[in-house]
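**Student:** Chains as they are written, first to last, in my numbering: chain A, 1002 to 1271; chain B, 19 to 351.
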Amino acid sequence: MNIAVCIKQVPDTPSIRMDRERMTIIRDGVESVINPLDYVALQAALDLRDRKGGEVVVITMGPPQSEEALREAIAAGADRAILVTGAAFSGADTLATSHVLAVAISKLDPFPDLVLCGAHTTDSDTAHVGPQMAEELNLPQICGVNEIHMEEDYLTVKRLSDGFVETLQVSLPALLTVTQELCSVGHLPLGDLQIAFSEREITQWGPEDLGLKEEEVGLRGSATQVWKLSVPPPRREGDLISGSPQTLVDHLIRKLEDLSILDEEDGYKS
Amino acid sequence: MDTSHDLEGVWVFGDYRNYFQNRVTLQLIAKARDLADKLDTRVIALALGDKVHQWAMEYVAHGADIVLAAEHPDLKSYQVETYCSVVAPWVEAFQPQVFLAGATSFGREFFPRLAKRLHTGLSADCVALEIDPETGLLLQTTPGFGGELLAEIVTPDHRPQMATVHPGVFQERPHDPGAVGRILYPDVDVVPETRVKLIRSKRQQTRQAKLEEAQVVIAGGRGLGSKENFERLYELAELLEGEVGATRPVIGSGWTDKERLLGQTGKTVKPRLLISIGASGAVQYTTGILGSENIVAINRDPQAPIFNMADLGLVGDANTLLPLLIEALRKRV
């Protein structure tokens, strides 16, 4: 069972802040982490490999520093890692990103039996790239999987979709995107960092290695453009009250009375 | 059969597997009506399944000019690849300008694959859609970049301009039994996906939270600090006859169940009053509460973005205020 896991390095979102004057993201002091659901995908891949044999290849497209995420994946037990990087790849929307990753996966030898991705990322949260890679690779796709069982030569998976609990069988090769519920393990064991950082080579592929032309990747290969970034406008000018806890509670009670949620004389209106 | 020109307008994918999905479809038909009027074109809704006539009638009553319907036994269960085999050739034949789907589980699985096959752009989980008066392009507003930002996305050269849309951001039109529209059954060649087999599908056995219908919603964020503190919100909600909602970090910490998630990947609420407690106001959360008639926010940080959208902002520690507030309310009962 050879498995490719697609991962993405994302900003550690709780620490993201905007420079509201320059309309840029403040990157100083913001740590990058492996997208949490991609961790889950990696953990699932390692489990399957340990039971069925084969290898786990981790792949990411991103700037050179994405190598850190791949090193971390190797430390956790991945067999090899591929960094798809190059200036031409930057500014890609999901159409262009899925194209580059699909081409990279199709170059893997042997071609993986299974491609796993996190169901969505914490940064742009489109959930597009998984199904779009499946389309380009002509693989069956199942999104939002929370249980995987390996059978003879197919998988039985479960997922929750629009309020329905679905059990599906899928032949291999296939592409699955996975949710948090798949693994109870929140953190990967750190593994052997020394191996990760000294012995293992990380393969690097640029546009030429993949036979990609500039017009099919990055900004030029994208169908969508971001016209404008904005912070959500102030909804309305509200009152901002500071003061003792009792003062604040009094303001809130008055608001409840104004809205007739709380009646001024006799307690509640139903 | 119509000329293809009649069918090139604003398309809406008809998603009807449950009550909620049907409502989202009707919301999109209403928005498509508005966009189509600005573009001087038609609203075309799609209805795929084994028996879809009742849905087609419903779409006409809610504002669709034309319904493109396909009935086939293999379309009975929602299957991405099978549905692509019908819809992609329709798009290529009839050339819609805009194509919308609800950001339901199915919409978010189906549209990326379809957009890729059509080699066009797709934006995810939009919270606003407008037509740019100068270019006529669809302006697709989507929250992104870690939740602090709204991005306005356009698809300049590729067609159709595709978007999935967050449930609950648009209002459906009233059912008009006298509305006139055409229901067409174009030729289809259904190619079923044989690599994926649906073995079992059953409705999830959980009570439907009344969150979306509540007049008062108490929304808690990570600033509450612990599960015990979060649980005070149930007491407050009970006193105000409201429901409790939560931000994503709260769900992630396991303080409450996922059904209470508000925002981009959760529920959209429009209560008379929303009290936001200990949430800084990331866009991924606030997109779910912006429709509230009144917002009161409690947060320690006076710079917290949540105060930009609050009618009343209280700068203070939630865990100090909550017991005082609950006590004050108890006295009023």
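We treat Cβ as the ideally placed atom computed from N, Cα and C, and that holds for glycine. What you are looking at is a predicted structure, and each value in this text was computed from that prediction instead of being measured.
1. Of the choices A315(B), E76(B), G67(B) and D68(B), whose alpha-carbon is the least far from that of T43(B)?
2. Closest to V301(B) by CA distance: which of F117(B), P130(B), P151(B) and C144(B) is it?
3. For W9(B), which of helix, strand or coil comes out of DSSP?
4. Under 9 Å between the Cβ atoms of P289(B) and V235(B)?
5. What's the C-alpha gap between G334(B) and V1218(A)?
6. Measure the C-alpha to C-alpha separation of L340(B) and I293(B) and round it to an integer number of angstroms.
7. Where does Q39(B) fall in DSSP's three states?
8. Going by DSSP, what residues sit across from Q1205(A) in a beta bridge?
9. Is T211(B) close to chain A? Criterion is C-beta to C-beta, closer than 9 Å.
10. Can you tell me the Cα-Cα spacing of Y1040(A) and E1202(A), whole angstroms?
11. Using the DSSP secondary-structure output, state which residues sit across from T1157(A) in a beta bridge.
12. If you drop the 5 nearest sequence neighbours on each side, which residues of the same chain put their C-beta closer than 7 Å to that of G199(B)?
13. Buried or exposed: where does Y37(B) fall if 16 or more other Cβ atoms within 10 Å of its Cβ makes it buried?
14. Kindly confirm or deny that the stretch 243–250 of chain B and the stretch 268–281 of chain B touch, where touching means at least three C-beta pairs closer than 8 Å.
15. Would you call the CB atoms of S1067(A) and Q1133(A) closer than 9 Å?
16. At least one CB of chain A closer than 9 Å to the CB of V28(B): is that the case?
17. Determine the direct distance from the alpha carbon of N312(B) to that of P1246(A), and round the result to whole angstroms.
18. Check whether chain C comes within 9 Å of K1229(A), counting only Cβ atoms and requiring the distance to be less than that.
19. Give me the Cα-Cα distance between I324(B) and L167(B), rounded to the nearest whole angstrom.
20. Output yes if chain B places a C-beta closer than 9 Å to the C-beta of D1039(A); else output no.
21. Classify N1003(A): buried if its beta carbon has 16 or more other beta carbons within 10 angstroms, exposed otherwise.
22. Establish whether the CB of D1124(A) and some CB of chain B are separated by less than 9 Å.
23. So with Cβ pairs under 9 Å, would you call D1110(A) a contact of chain B?
24. Report the option in E1167(A), G1164(A), V1146(A) and E1182(A) whose CA atom is closest to the CA atom of A1175(A).
25. Going by beta carbon distance, what residues of the same chain come within less than 6 Å of P267(B), once the five residues before and after it are set aside?
26. Of the residues E253(B), V172(B), D319(B) and L279(B), which one's Cα is nearest the Cα of T304(B)?
27. Under 9 Å between C-beta atoms, does L1253(A) make it to chain B?
28. Does chain A have any CB closer than 9 Å to the CB of F248(B)?
29. I1129(A) versus chain B: which residues are under 7 Å apart at the beta carbon?
**Tutor:** Reading from the atomic positions:
1. E76(B)
2. C144(B)
3. In this structure chain B extends from 19 to 351, so residue 9(B) is not present and cannot be described.
4. yes
5. 49 Å
6. 12 Å
7. helix
8. L1084(A)
9. In the sequence as presented, Thr is not what sits at residue 211(B); that position holds Glu. By this cut-off, E211(B) is an interface position.
10. 21 Å
11. H1150(A) and Q1170(A)
12. V78, A82, D83, I84 and V85
13. exposed
14. yes
15. no
16. no
17. 21 Å
18. Looking for chain C here will not work: the only protein chains present are A and B.
19. 13 Å
20. no
21. buried
22. yes
23. no
24. V1146(A)
25. R240
26. L279(B)
27. yes
28. no
29. Looking at the sequence provided, one finds His at residue 1129(A) rather than Ile. The contacting residues are P130, L140 and A142.
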